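Undergrad: Line by line, the protein sequences are chains A and B. Per numbering that gives the first Met the number 0, the very first residue in the first sequence carries number 0; after that it's consecutive. Per numbering that gives the first Met the number 0, the very first residue in the second sequence carries number 0; after that it's consecutive. Think of the CB as a built atom: it goes at the ideal place given N, C-alpha and C, for glycine as much as any other residue. From a predicted model like this one, the values you see are computed outputs, not experimental measurements.
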Amino acid sequence: MRCKIILIILSLLVMLSGFACKKAVWVEYKIDRNSCNGCGECIRVCPNDAVYLDSDGKAVIDQTKCTQCAKCVVVCPNKAIY
Amino acid sequence: MYSVCKVCSGMSKQSYLLAIGLVLISVCLGAEINLQSGFYSADTGNETTFLSKNRLDAEFTISPFVQLKIGSKAETSDFTIDSFPQNRWMNNYMAVSYGGEILKAEAGYRNILFGASQNMQLYPRWNPVTDFRRNAQHQVMLNLDAEYAGFVIDGYVATKNLLANPIEYTYDFVTDTNVPNMLPSKSHDELYAGAGIAFQLHPSITLGGGYGHKQSNFTDSDVYSSSEYFLYSQAEHKLSPSSRISGSINWKHINGEAIRDEARNNLLSSIRYQQSFGFGLNGFVSFMNDICSDDQVKQVWLVSNYIRSHLQYHFGYDPVGASYLLAGAVIVPEKESETWFVESNMHLIGNVYGNTGYSYRKNLENYYQIKLSYFFNHFSECYLQSFVKDLAGNKDLQSYYGLGVSIRL
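#1: Run down chain A in chain order and give the residues with a C-beta less than 7 Å from the C-beta of L363(B).
#2: Would you kindly work out how many angstroms separate the C-alpha atoms of Y366(B) and A391(B), rounded to a whole number?
#3: Kindly list, in the order they appear in chain E, the residues whose Cβ is closer than 8 Å to that of E333(B).
#4: What is the DSSP secondary structure of R43(A), reduced to helix, strand or coil?
#5: Measure the Cβ-Cβ separation of L267(B) and D294(B) and say whether it is below 8 Å.
#6: Is K70(A) close to chain B? Criterion is C-beta to C-beta, closer than 8 Å.
#7: Is any non-hydrogen atom of the ligand MG found closer than 7 Å to the C-beta of Q62(A), if you look at the structure I gave you?
#8: By the three-class DSSP mapping on this structure, what secondary structure does G20(B) have?
#9: Helix, strand or coil for A262(B) per DSSP?
#10: Anyone know if the C-beta pair for G193(B) and S225(B) falls short of 8 Å?
#11: In this structure, what does DSSP give as the bridge partners for T158(B)?
#12: So Q85(B) contacts chain A; which residues on that side make the cut at Cβ distance below 8 Å?
#13: Write down the C-beta distance between A94(B) and G107(B) rounded to the nearest angstrom, noting that I regard them as a contact closer than 8 Å.
#14: Are the Cβ atoms of S36(B) and G401(B) separated by less than 8 Å?
#15: Could you tell me which residues DSSP puts in a beta bridge with E167(B)?
#16: Can you find the residues in the same chain that come closer than 7 Å, C-beta to C-beta, to I61(B), ignoring five residues on each side of it along the sequence?
#17: For chain B, find out if any of its Cβ atoms is closer than 8 Å to the Cβ of V50(A); answer yes or no.
#18: Taking the alpha carbon of G277(B) as the point to measure from, which residue in L301(B), W300(B), F83(B), Q311(B) has its own alpha carbon closest?
#19: List the whole-angstrom C-beta distance separating E167(B) from L182(B), where the pair is believed to meet the contact cut-off of C-beta under 8 Å.
#20: Relative to chain A, which residues along the segment 85–118 of chain B have a C-beta separation below 9 Å, given in chain order?
#21: Taking 8 Å as the threshold, find out whether the segment 70–85 of chain B comes into contact with the segment 45–55 of chain B through three or more Cβ pairs.
#22: Looking at C-alpha atoms only, which residue of V156(B), N33(B), K237(B) is the closest neighbour of H212(B)?
#23: Under DSSP, the alpha helix (DSSP H) around K70(A) begins and ends at which residues?
#24: Distance check for H313(B) and G320(B), CA to CA, integer angstroms please.
#25: Does chain A have any CB closer than 8 Å to the CB of N142(B)?
#26: The beta strand (DSSP E) spanning D31(A) covers which residue range?
#27: Would you tell me roughly how many angstroms separate the C-alpha atoms of E27(A) and S336(B), rounded to the nearest one?
#28: Mind listing the chain A neighbours of F225(B)? Cutoff is C-beta to C-beta under 9 Å, in chain order.
#29: For K72(B), which residues of its own chain have a beta-carbon under 6 Å away from its beta-carbon, when the five flanking residues on both sides are left out?
#30: Tell me T47(B)'s beta-bridge partners as DSSP assigns them.
#31: Buried or exposed for W300(B), going by 16 or more other Cβ atoms inside 10 Å?
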């Protein structure tokens, strides 16, 4: 029951924050780890060596080196980069 | 046959030796091996090339607690296809893991060999006159997890080494051109290290936090170094025998010269709802929200919302349960990104399956696929496959026709 209440509150918070904030004036790309299959296509196309595979074999975008060119978004077969 | 030989001759001998070595190690160790090989003719409108895709995955249980994993993936073609900057590449992986009751550990090595080196700019904003051609990436990782009295303590160290050839451009006033000067190979190193602790508050609620650091020598400065600390909570609840809801909140504070001030505090929240409707129909909806702010929280910025939904129907007539119809969508409103897809896999006759797929990616492409497979057993198949990419922006159609085999030994 306690878990159910926490999850309902969490859902409401997520929904609220999802639409209440001001849209960022810059772009940042992240990876949905649940959908990433570790194929490495994003590493092939990244012109700044900003993507690597972690010990779980999932891709990680290094925000310090990413220049938001979105090449990885285009080639991702699982549409896991957002 | 000519094309096969031509492409194969393009791969380095070292790459072949490595691949053969990995197969031999796997066979000698009696591992469970998955081998995939596909050969395609790729028509990109202007030119036609031969494309080969090969993959090996092997897993061997050395003892009840120790496992060895090996993986290798290689792709070669005559010239570059799609937006890939290289026509050859190889990714190899090897890891040994130990899984005891209290302690879990994994040590791994991964390399990515860019068979055809290509320009990359490591100084995108600071030094526009130097390009690098990356040749290979080597990565060594060590992970440790210890579980005791409801706490899980984990730590990791990973090093990443990128071998690249720098090219410095100097402006020639006489010819009014930039003249490239090849410099000696350079090694770019990055060290990732971190530790975390998690506590299970309730069988379905976990709280955790930790610290991570990245040290980088790119650009011979600390520009790409960063440090972060994070807190997170995860919860999962079974609402009914056929539905489940899970969610997480991750807060991260990241410091680094290359990180913009507005993005130093990052909050990533997610909710996922799964439902089984019965009669072979299952689905899920997941929603992720990414917001951030500066240190003083003057303004909270919405980076993106990410909505993903899948609905899958399994046909009851297939005794193996491999016949299905899948439809889904991925929407990211802030990036004006929309993807809709549908896929079917149908048992046709005997051991023959047919797979068809279509996906639409707004402003990017329409993708069509058809595949006919013959299964030798549950996990091994040979197939004929074709896929077509209709790219946005009046670009030529890209058509691929090929055959392949996937074997589990």
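TA: Walking through what the data contain:
#1: Counting from one through the second sequence, the residue named residue 363(B) turns up at place 364. Neighbours of L363(B) on chain A, chain order: V73.
#2: Counting from 1 along the second sequence, the entry for residue 366(B) is found at position 367. Counting from 1 along the second sequence, the entry for residue 391(B) is found at position 392. If you take the alpha carbons of Y366(B) and A391(B), they lie about 11 Å apart.
#3: Here chain E cannot be found, since the structure's protein chains are A and B.
#4: Within the first sequence, numbered from 1, the residue matching residue 43(A) stands at position 44. Helix at R43(A).
#5: Numbered from 1 along the second sequence, position 268 holds the residue referred to as residue 267(B). Numbered from 1 along the second sequence, position 295 holds the residue referred to as residue 294(B). It is not a contact, given that the beta carbons lie outside the stated cut-off.
#6: One-based indexing of the first sequence puts residue 70(A) at position 71. K70(A) has a beta carbon lying within less than 8 Å of a beta carbon in chain B.
#7: Looking at this structure, you won't find the ligand MG or any other ligand, since it has none at all.
#8: Residue numbering aside, residue 20(B) sits at position 21 when the second sequence is read from its first letter. Per DSSP, reduced to three states, the secondary structure at G20(B) is helical.
#9: Here residue 262(B) corresponds to residue number 263 of the second sequence, with the count starting at 1. Three-state result, A262(B): helix.
#10: Taking the second sequence and counting its residues from 1, the one referred to as residue 193(B) is at position 194. Taking the second sequence and counting its residues from 1, the one referred to as residue 225(B) is at position 226. Taking the C-beta atoms as reference points, S225(B) is found no nearer than 8 Å to G193(B).
#11: The residue given as residue 158(B) occupies position 159 in the second sequence. Bridge partners of T158(B): V139(B), L190(B).
#12: Counting from 1 along the second sequence, the entry for residue 85(B) is found at position 86. Near Q85(B) (Cβ distances below 8 Å), the residues of chain A are R43.
#13: Mapped onto the second sequence, residue 94(B) falls at position 95. Mapped onto the second sequence, residue 107(B) falls at position 108. Right, the Cβ-Cβ distance comes to about 3 Å (below 8 Å), so this counts as a contact.
#14: By one-based count along the second sequence, residue 36(B) stands at place 37. By one-based count along the second sequence, residue 401(B) stands at place 402. The answer is no: Cβ separation not under 8 Å.
#15: On the second sequence, position 168 is the one that residue 167(B) refers to. Note: E167(B) is bridge-paired with T129(B), N180(B) in the DSSP secondary-structure output.
#16: Numbered from 1 along the second sequence, position 62 holds the residue referred to as residue 61(B). For I61(B), same chain residues with a beta-carbon under 7 Å away, outside a window of 5 residues either side, are L67 in chain order.
#17: The residue given as residue 50(A) occupies position 51 in the first sequence. V50(A) does not count as touching chain B.
#18: Indexing the second sequence from 1 puts residue 277(B) at position 278. Sorting L301(B), W300(B), F83(B), Q311(B) by C-alpha distance to the C-alpha of G277(B) places Q311(B) at the top.
#19: Position 168 of the second sequence, counted from the start, is the residue given in the question as residue 167(B). Position 183 of the second sequence, counted from the start, is the residue given in the question as residue 182(B). At roughly 6 Å, the Cβ-Cβ gap stays under 8 Å, so E167(B) and L182(B) are in contact.
#20: Using a CB distance below 9 Å, the part of the segment 85–118 of chain B facing chain A consists of Q85, W88, N90, Y92, A94, E105, G107, R109, I111, F113, Q117, N118, ordered along the chain.
#21: Note that the segment 70–85 of chain B touches the segment 45–55 of chain B; at least 3 beta-carbon pairs, one per stretch, sit closer than 8 Å.
#22: One-based indexing of the second sequence puts residue 212(B) at position 213. Distance check between H212(B) and each of V156(B), N33(B), K237(B) places V156(B) closest, using alpha-carbon atoms only.
#23: Here residue 70(A) refers to the residue found at position 71 when the first sequence is read from its first residue. Unbroken alpha helix (DSSP H) run through K70(A): 70–74.
#24: Translated into positions along the second sequence, residue 320(B) becomes position 321. Translated into positions along the second sequence, residue 313(B) becomes position 314. Rounded to the nearest whole angstrom, the C-alpha separation of G320(B) and H313(B) is 7 Å.
#25: Start at 1 with the first residue of the second sequence, and residue 142(B) comes out as number 143. The Cβ of N142(B) sits closer than 8 Å to at least one Cβ of chain A.
#26: Against the first sequence, residue 31(A) aligns to sequence position 32. Per DSSP, D31(A) belongs to no beta strand (DSSP E) and is neither H nor E.
#27: Looking up residue 27(A) in the first sequence gives position 28. Looking up residue 336(B) in the second sequence gives position 337. Approximately 14 Å, taken between the alpha carbons.
#28: As a first step, residue 225(B) is located in the second sequence; it is residue number 226 there, counting from the start. The amino acid occupying residue 225(B) in the given sequence is Ser; Phe does not appear at that position. Going along chain A in sequence order, the residues near S225(B) (Cβ under 9 Å) are D61, Q62, T63.
#29: In the second sequence, counting from the first residue as 1, residue 72(B) sits at position 73. Counting only residues of its own chain and dropping the five nearest sequence neighbours on each side, K72(B) has a CB closer than 6 Å to the CB of R54, N90.
#30: Position 48 of the second sequence holds residue 47(B). Paired residue(s): D42(B).
#31: For the purposes of this step, residue 300(B) is taken as residue 301 along the second sequence, with counting starting at 1. Under a 10 Å Cβ-count criterion, W300(B) is classified as buried, with 16 or more other Cβ atoms of the shown protein chains found around its own Cβ.
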